[in-house]
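Report on one structure; see the data block that follows.
2 protein chains.
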Amino acid sequence: MSSAEPTFQKAIRWHPPSYDIRVESIPVPQIQHPDDAIVKVTLAALCGSDLHIYRGHGGVDKVHTCGHEFIGEVVSLGSNFGRPALYAQLKVGDRVVSPFTVNCGECSVCRLGYTGRCPEGLLFGSPNLEGGQAQYVRVPKAGGTLFNLSDPSTWSSSMSKDEKEKALIKLTDSSLLMLADILPTGVFAALQAINHPKVAPVITGRPWPLYKVLTVAIIGLGPVGVCAAISMLDALTIRQVPFRIVAIDPVEARREKMKAVYTTIVQAGEETGEFVVLSIEEAKEKVADWTGGVGCTTVLEVVGNTSALSLAYDLVRAFGIVVSVGVHGPPPLPFTGRQCYNKNVSLDFGRCPARAMFPLAFDLLGFIGEPASLIDRVVDFTEAADSYRAFDKGEVGKVIFDPWK
Amino acid sequence: MSSAEPTFQKAIRWHPPSYDIRVESIPVPQIQHPDDAIVKVTLAALCGSDLHIYRGHGGVDKVHTCGHEFIGEVVSLGSNFGRPALYAQLKVGDRVVSPFTVNCGECSVCRLGYTGRCPEGLLFGSPNLEGGQAQYVRVPKAGGTLFNLSDPSTWSSSMSKDEKEKALIKLTDSSLLMLADILPTGVFAALQAINHPKVAPVITGRPWPLYKVLTVAIIGLGPVGVCAAISMLDALTIRQVPFRIVAIDPVEARREKMKAVYTTIVQAGEETGEFVVLSIEEAKEKVADWTGGVGCTTVLEVVGNTSALSLAYDLVRAFGIVVSVGVHGPPPLPFTGRQCYNKNVSLDFGRCPARAMFPLAFDLLGFIGEPASLIDRVVDFTEAADSYRAFDKGEVGKVIFDPWK
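Written out as structure tokens, the structure is:
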């Protein structure tokens with residue numbers, strides 16, 4: 001690390017047992033392993049899944065730095081960064097965004113694209129790895145983990161090198177920060193749905209003689225739900241698939257945010273389908289009306305609790321698919337084997353392999369442009385505790401911290 | 001119906017509350033609706049899912065004729081059989097096999113291939129529809145439901161018309177009866193697995209640089225489990241996919257049956273992989289050994305209870321898929337949302353759309369030839385009660401009734 005970097009830094013720290021957020025001065029992290037990088041954080045975001053530990057639901061008792069969404073600049077690299085391929089591409093000074101989990105990028109799991117379950121994986125902002133809501137963060141397995149915005153040749157894209165560079169000039173850090181979690185998770189949700197063999201026929205339009213319209217419900221319009229909706233709209237527009245999408249949230253402010261984002265990104269006349277934003281009861285009626293009581297071909301569950309899963313079950317058609325990207329807790333699933341059998345339901349669960357989704361999420365950013373409307377406020381660390389409180393209460397949407405303000 | 005048919009018949013009837021099977025003389029069924037057919041049953045089989053009602057688990061209190069697997073000959077047709085397409089193809093005298101549920105064949109659900117959930121669907125051998133363990137059975141929506149073995153032009157196949165006819169000459173009724181439920185259900189289980197986007201890469205061999213071998217577990221080696229294994233072996237052999245399959249059952253007699261069937265159908269040297277038949281504990285060790293502790297890419301659950309589902313969860317890899325074709329009961333699923341999230345597990349549940357799978361199952365019959373080794377005994381109705389008892393106790397495997405013996 002250059003001698004210009006300080007030895008102490010400010011960080012947002014969680015204290016047990018719950019609801020206790022403090023801004024503290026702690027040592028700037030150092031390289032511990034030859035694959036490590038130290039990143040100077042320019043922006044870090046607050047995410048719905050940060051609330052699990054915040055509320056004391058995580059069974060955690062270790063004080064640690066919060067946060068798993070951050071963007072910044074590499075200020076120091078371990079000794080392995082001379083070796084070929086993956087770990088040779090990073091340089092001090094590179095602008096990088098990190099996925100919310102570490103992944104080595106070299107094992108069979110990573111190379112299958114399942115980066116979210118790399119055996120070396122660690123979640124930032126957990127007892128096992130200090131988070132990114134700080135001025136500096138240590139990134140293990142940095143060659144596999146970090147997405148190098150300074151070198152567009154390091155990722156494939158539907159854009160040319162020129163187009164990538166133009167997009168990068170246009171995109172601010174606060175937009176690129178959406179790559180850390182919420183945008184790839186939205187992309188993952190949409191992709192799992194449209195690639196499923198029960199959904200694919202309506203996408204290709206071939207052995208699907210009767211349903212020419214894909215009916216989709218998206219449950220939960222927090223930031224990830226909004227990203228899932230954007231991603232689904234993008235995926236279906238690109239493929240010219242006629243659709244009917246209902247985006248659902250019980251909270252009016254979230255519905256209004258969804259509508260505002262939709263208006264910003266969709267040019268009237270471009271849509272290949274209908275998009276409505278409704279409360280739960282309204283949505284049930286709408287789906288029944290659209291499908292003659294049959295139900296949606298696919299439902300995206302972007303909440304992570306049993307009532308959202310139950311609603312998904314109610315809304316999906318027989319032989320339909322529920323894609324759940326919500327972070328679920330300890331309760332049992334809210335349906336029986338009999339119910340699953342009776343509806344021939346398919347379920348896809350789990351954590352987004354964010355690093356593997358980055359190129360697709362970047363393409364999506366290029367498509368929607370500056371998604372500033374997704375962000376509610378950019379604040380400094382003095383507002384950390386209050387921001388957690390307000391986010392927990394649903395009083396604000398996406399909050400971003402500037403550690404240097 | 002021709003005047004040659006009697007007015008009374010023998011039928012195997014279930015009486016509440018449980019374990020009460022009687023052979024009774026009841027009226028031969030008559031056409032009730034213009035879409036009906038009356039089928040003279042040549043053979044009917046006993047199926048694992050018949051045991052739900054037998055044991056009194058179905059909440060049923062209506063005396064009815066049992067059974068949903070039957071093959072026979074059309075002896076009478078309703079007045080709608082002059083109309084075009086589907087309902088014009090059946091004639092009196094046709095040799096037919098029926099799927100275990102009725103389906104109209106004309107609605108959007110059927111035309112999507114989801115025949116198991118046709119809104120007009122009824123399960124044979126239930127309080128809603130008299131079953132096929134009788135000398136005669138009424139088949140509603142017969143044009144959509146029945147598979148017409150007398151007219152091979154009515155189904156598509158990888159075989160030519162000549163090959164189909166040759167296969168039909170070779171296949172006995174007891175083999176063709178496997179089409180009613182167990183063979184298509186096995187095909188459905190295998191197809192759901194190999195078509196899933198999490199499994200497809202290893203099938204195509206393309207974006208799957210490291211795992212060149214598909215590791216599969218099949219839980220439950222009753223008749224359907226054996227068919228699922230046959231179907232998976234067939235599907236992977238045709239595609240030349242290297243595989244490792246472990247077929248699992250705690251009951252030694254079932255494992256021996258599986259091994260015997262495997263030896264009968266697989267010519268040594270033809271296999272593109274390894275196939276082993278093991279007990280539960282042996283299988284856990286084998287999967288850990290094969291995959292270095294990672295787990296199977298796909299697990300087929302062919303039992304229908306929570307302990308089988310739990311074992312499936314234990315054996316599947318992160319980002320793997322569990323295909324469950326078991327008929328499940330009222331207990332909740334044996335995993336939490338957290339467990340599903342943590343393993344990025346995908347689950348496909350539900351009833352086989354048997355009628356839609358018939359052409360594929362027929363192709364499979366053509367491939368494996370006479371699967372006589374699947375059948376344990378062919379008995380007359382005097383052995384009905386004892387056969388139910390012995391099947392319930394696991395003392396026998398697949399039992400077939402000859403109503404005319």
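One line per chain: the protein sequences are A and B, in this order.
So for the first sequence, the UniProt record's numbering puts the first residue at 1; every next one is plus one.
So for the second sequence, the UniProt record's numbering puts the first residue at 1; every next one is plus one.
For every residue, glycine included, the Cβ atom is placed at its ideal position computed from N, Cα and C.
Just so it is clear, the structure is predicted and the values come from calculations on it, not from any experiment.
Query, Result
"Could you check whether the Cβ of residue 122 of chain A sits closer than 7 Å to any Cβ belonging to chain B?", "no"
"Distance cutoff 7 Å, beta carbons only. Does residue 377 of chain B sit that close to anything in chain A?", "no"
"For the stretch 165 to 188 of chain A, enumerate the residues whose C-beta is nearer than 8 Å to any C-beta of chain B, in chain order.", "none"
"Kindly identify the DSSP beta-bridge partner or partners of residue 348 of chain B.", "A:346 and B:323"
"Got a sec, what are the start and stop residues for the beta strand (DSSP E) residue 40 of chain A sits in?", "37 to 45"
"Beta-carbon separation of residue 200 of chain B and residue 218 of chain B under 7 Å?", "no"
"Would the stretch 172 to 182 of chain A count as touching the stretch 99 to 106 of chain A if we require 3 or more Cβ pairs under 8 Å?", "yes"
"Assign residue 223 of chain A to one of three DSSP states: helix, strand, or coil.", "helix"
"So, residue 67 of chain B versus residue 131 of chain B, is the Cβ gap smaller than 7 Å?", "yes"
"For a contact meaning CB atoms closer than 9 Å, what does residue 116 of chain B contact in chain A?", "318, 319 and 344"
"Please work out which residues of its chain come closer than 8 Å, Cβ to Cβ, to residue 174 of chain B, disregarding the five sequence neighbours upstream and downstream, and give them in chain order.", "43, 372, 375, 378 and 400"
"Measuring alpha carbon to alpha carbon, tell me which residue in B:330, B:311 and B:188 is nearest residue 247 of chain B.", "B:311"
"Identify whether residue 296 of chain B lies in helix, strand or coil by the three-state DSSP scheme.", "strand"
"Helix, strand or coil, according to DSSP, for residue 170 of chain A in the structure here?", "helix"
"So the candidates are B:245, B:263, B:137 and B:52; which of them puts its Cα closest to the Cα of residue 5 of chain B?", "B:137"
"Looking at residue 10 of chain B and residue 23 of chain B, is the spacing between their C-beta atoms short of 7 Å?", "yes"
"Ends of the beta strand (DSSP E) at residue 9 of chain A?", "8 to 15"
"Give a yes or no on whether the C-beta atoms belonging to residue 39 of chain A and residue 139 of chain A are separated by under 7 Å.", "yes"
"Please work out which residues of its chain come closer than 7 Å, Cβ to Cβ, to residue 262 of chain A, disregarding the five sequence neighbours upstream and downstream, and give them in chain order.", "275"
"Is the Cβ-Cβ distance between residue 327 of chain B and residue 313 of chain A less than 7 Å?", "no"
"With distance defined between alpha-carbon atoms, name the residue in B:353, B:348, B:303 and B:367 nearest to residue 51 of chain B.", "B:303"
"Tell me, please, which residues DSSP counts as bridged to residue 377 of chain A.", "A:399"
"Roughly how many angstroms separate the alpha carbons of residue 108 of chain B and residue 80 of chain B, rounded to a whole number?", "20 Å"
"Just the Cα atoms here: how many angstroms apart are residue 345 of chain B and residue 272 of chain B?", "27 Å"
"List, in chain order, every chain B residue whose beta-carbon is nearer than 7 Å to that of residue 341 of chain A.", "327, 328, 349, 350 and 351"
"CB residue 147 of chain B to CB residue 349 of chain B, shorter than 7 Å?", "no"
"Within the UniProt domain \"Alcohol dehydrogenase-like N-terminal\" (34 to 142) of chain B, note down every full alpha helix (DSSP H) run reaching 4 residues or more, in order along the chain.", "50 to 54 and 108 to 111"
"Within 7 Å of any Cβ in chain A, is that where the Cβ of residue 56 of chain B sits?", "no"
"Please check if any C-beta of chain A sits within less than 7 Å of the C-beta of residue 337 of chain B.", "yes"
"Output the boundary residues of the alpha helix (DSSP H) element that contains residue 243 of chain A.", "It is not in any alpha helix (DSSP H) - residue 243 of chain A instead sits in the beta strand (DSSP E) that spans 243 to 248."
"Decide if residue 404 of chain A is buried, meaning its Cβ has at least 16 other Cβ atoms within 10 Å, or exposed.", "exposed"
"Name the residues in the stretch 294 to 307 of chain B whose C-beta lies less than 9 Å from a C-beta of chain A; which are they?", "294, 304, 305 and 306"
"Terminal residues of the continuous beta strand (DSSP E) containing residue 366 of chain A?", "Counting along the chain, residue 366 of chain A falls outside any beta strand (DSSP E), though it belongs to the alpha helix (DSSP H) covering 354 to 368."
"If residue 63 of chain A sits next to residue 117 of chain A, beta carbons under 8 Å apart, how far is it from one beta carbon to the other, in whole angstroms?", "So it is not a contact: roughly 27 Å between Cβ atoms."
"Looking only at C-alpha atoms, which of A:240, A:308, A:289 and A:65 sits nearest to residue 384 of chain A?", "A:65"
"Name the residue from B:95, B:160 and B:59 whose alpha carbon lies nearest to the alpha carbon of residue 73 of chain B.", "B:95"
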